[in-house]
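Chains A and B are the protein sequences, given in the same order. When you number the first sequence by this note's numbering, it's gap-free, plus one each residue, and the end is 115. When you number the second sequence by this note's numbering, it's gap-free, plus one each residue, and the end is 115. For each residue, glycine too, the CB sits at the ideal point set by N, CA and C. Inspection log for the structure reproduced underneath, given as C-alpha cells.
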Amino acid sequence: NAGVTQTPKFQVLKTGQSMTLQCAQDMNHNSMYWYRQDPGMGLRLIYYSASEGTTDKGEVPNGYNVSRLNKREFSLRLESAAPSQTSVYFCASSEFATGGPDTQYFGPGTRLTVL
Amino acid sequence: TQLLEQSPQFLSIQEGENLTVYCNSSSVFSSLQWYRQEPGEGPVLLVTVVTGGEVKKLKRLTFQFGDARKDSSLHITAAQPGDTGLYLCAGTHNAGGTSYGKLTFGQGTILTVHP
C-alpha cells in the first residue's frame, strides 16, 4: 500500500497563475484533509471532506477550492496564486470513527513557492 | 478557534539528556495527539491520549494528558540523535460525536539532539 500520495512534490508559480494539487489514498478511508504548514505556525486546516460527496471549510479556506472526486481522491485548487500562499501543503486521510479519536495519515507534502 | 500553545519552540540538547515539551490550551479537548515529523515528510502519529490524567509510555517517551484535559506534555529520557525532528501536539473536540476528525495543531517544537 502506498498510503497517501501527493503530486507534485515541488511547484513554482507566478502570482495570478492557477494550479491543482492532487492527493490520493489507498486505505479506503472516509475522511480526507488539506493542511498548510508555515514556519512557527504548525499545520492549519484548509478544507476537509468528512465523507465522499461532502466538503467543508477549515481554519484558512480563503483563496482555495477543493473537490472530492471519489473516495480515493481529494484535490486542492488555487485559482489565482498569491505570494501569501507560499507554503508546504499536506494531504491527510483518516477512517473518521465517530466513536473515538482518529489517526490521520499524512502524505509527503507539496512545496509551493509563489513569486 | 481553539488554540494550542507549544513550548519551547526550539530545543537543542546533547545526547543522553532528558527533555520535556509542553502543550497548553485554555480549551478542553476530547483527545490529544502527539505527532513527529522529519524533514521532507509528513507528520506521523506517536500517541493518542483521551482520559484526563492519562499517562502513556512509548519506550523512552512518556506522554501525559492533564487532569482537566487542557494540557499535555511529552518527556523524552536519554535523548538520542534519532529523536531529532519536529514534534507537534494536536487536539480534537467532540461536538456531539461529529468533530473527532478535525485536529487543531500546536506550532511545533524543533528538537535537535547532538551526538
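- With 16 or more neighbouring CB atoms inside 10 Å of its own CB, Val114 of chain A falls in the buried class.
- Rounded to the nearest whole angstrom, the C-alpha separation of Glu5 of chain B and Phe106 of chain A is 22 Å.
- Look at Gly107 of chain A here: in three-state DSSP terms it is coil, with no helix or strand label.
- Taking C-beta atoms as the reference points, Val28 of chain B and Ala68 of chain B count as a pair closer than 8 Å.
- With contacts defined as CB atoms closer than 8 Å, Lys56 of chain B and Asn24 of chain B fail to qualify as a contacting pair.
- Using a 10 angstroms sphere on the CB of Lys102 of chain B, the tally of other CB atoms reaches 16 or more, which defines it as buried.
- Under DSSP, the beta-bridge partners assigned to Arg77 of chain A are A:Thr20 and A:Asn65.
- Following the DSSP letters along the chain, one finds His93 of chain B in no beta strand (DSSP E), marked with neither H nor E.
- Around the Cβ of Met32 of chain A, a 10 Å sphere holds 16 or more other Cβ atoms; the residue is buried.
- Ser31 of chain B reaches chain A at Pro101, counting residues in chain order whose Cβ is nearer than 7 Å.
- Along the segment 36-61 of chain B, going in chain order, the ones with a CB nearer than 8 Å to a CB of chain A are Gly40, Glu41, Gly42, Pro43, Val44, Leu45, Thr48 and Val50.
- Rounded to whole angstroms, the gap between the alpha carbons of Leu88 of chain B and Thr62 of chain B is 15 Å.
- When the Cα atoms are used, Thr20 of chain B and His75 of chain B turn out to be separated by approximately 4 Å.
- Judged by DSSP secondary structure, His75 of chain B falls within the beta strand (DSSP E) whose first and last residues are Asp71 to Ile76.
- In this structure, the alpha-carbon of Thr103 of chain A lies about 6 Å from that of Ser94 of chain A.
- Less than 8 Å separates the beta-carbon of Thr20 of chain A from that of Ser75 of chain A.
- Burial check for Val4 of chain A: the Cβ neighbour count within 10 Å reaches 16 or more, so the residue is buried.
- Arg77 of chain A is positioned such that its CB atom lies no closer than 8 Å to that of Gln25 of chain A.
- Straight through space, the alpha carbons of Gly16 of chain A and Leu45 of chain B are spaced by roughly 36 Å.
- Contact with chain A is found for Leu88 of chain B, since one of that chain's Cβ atoms lies less than 8 Å from the residue's Cβ.
- Scanning its chain for C-beta atoms nearer than 6 Å, with the 5 sequence neighbours on each side dropped, one finds around Glu54 of chain B the residues Phe65, in chain order.
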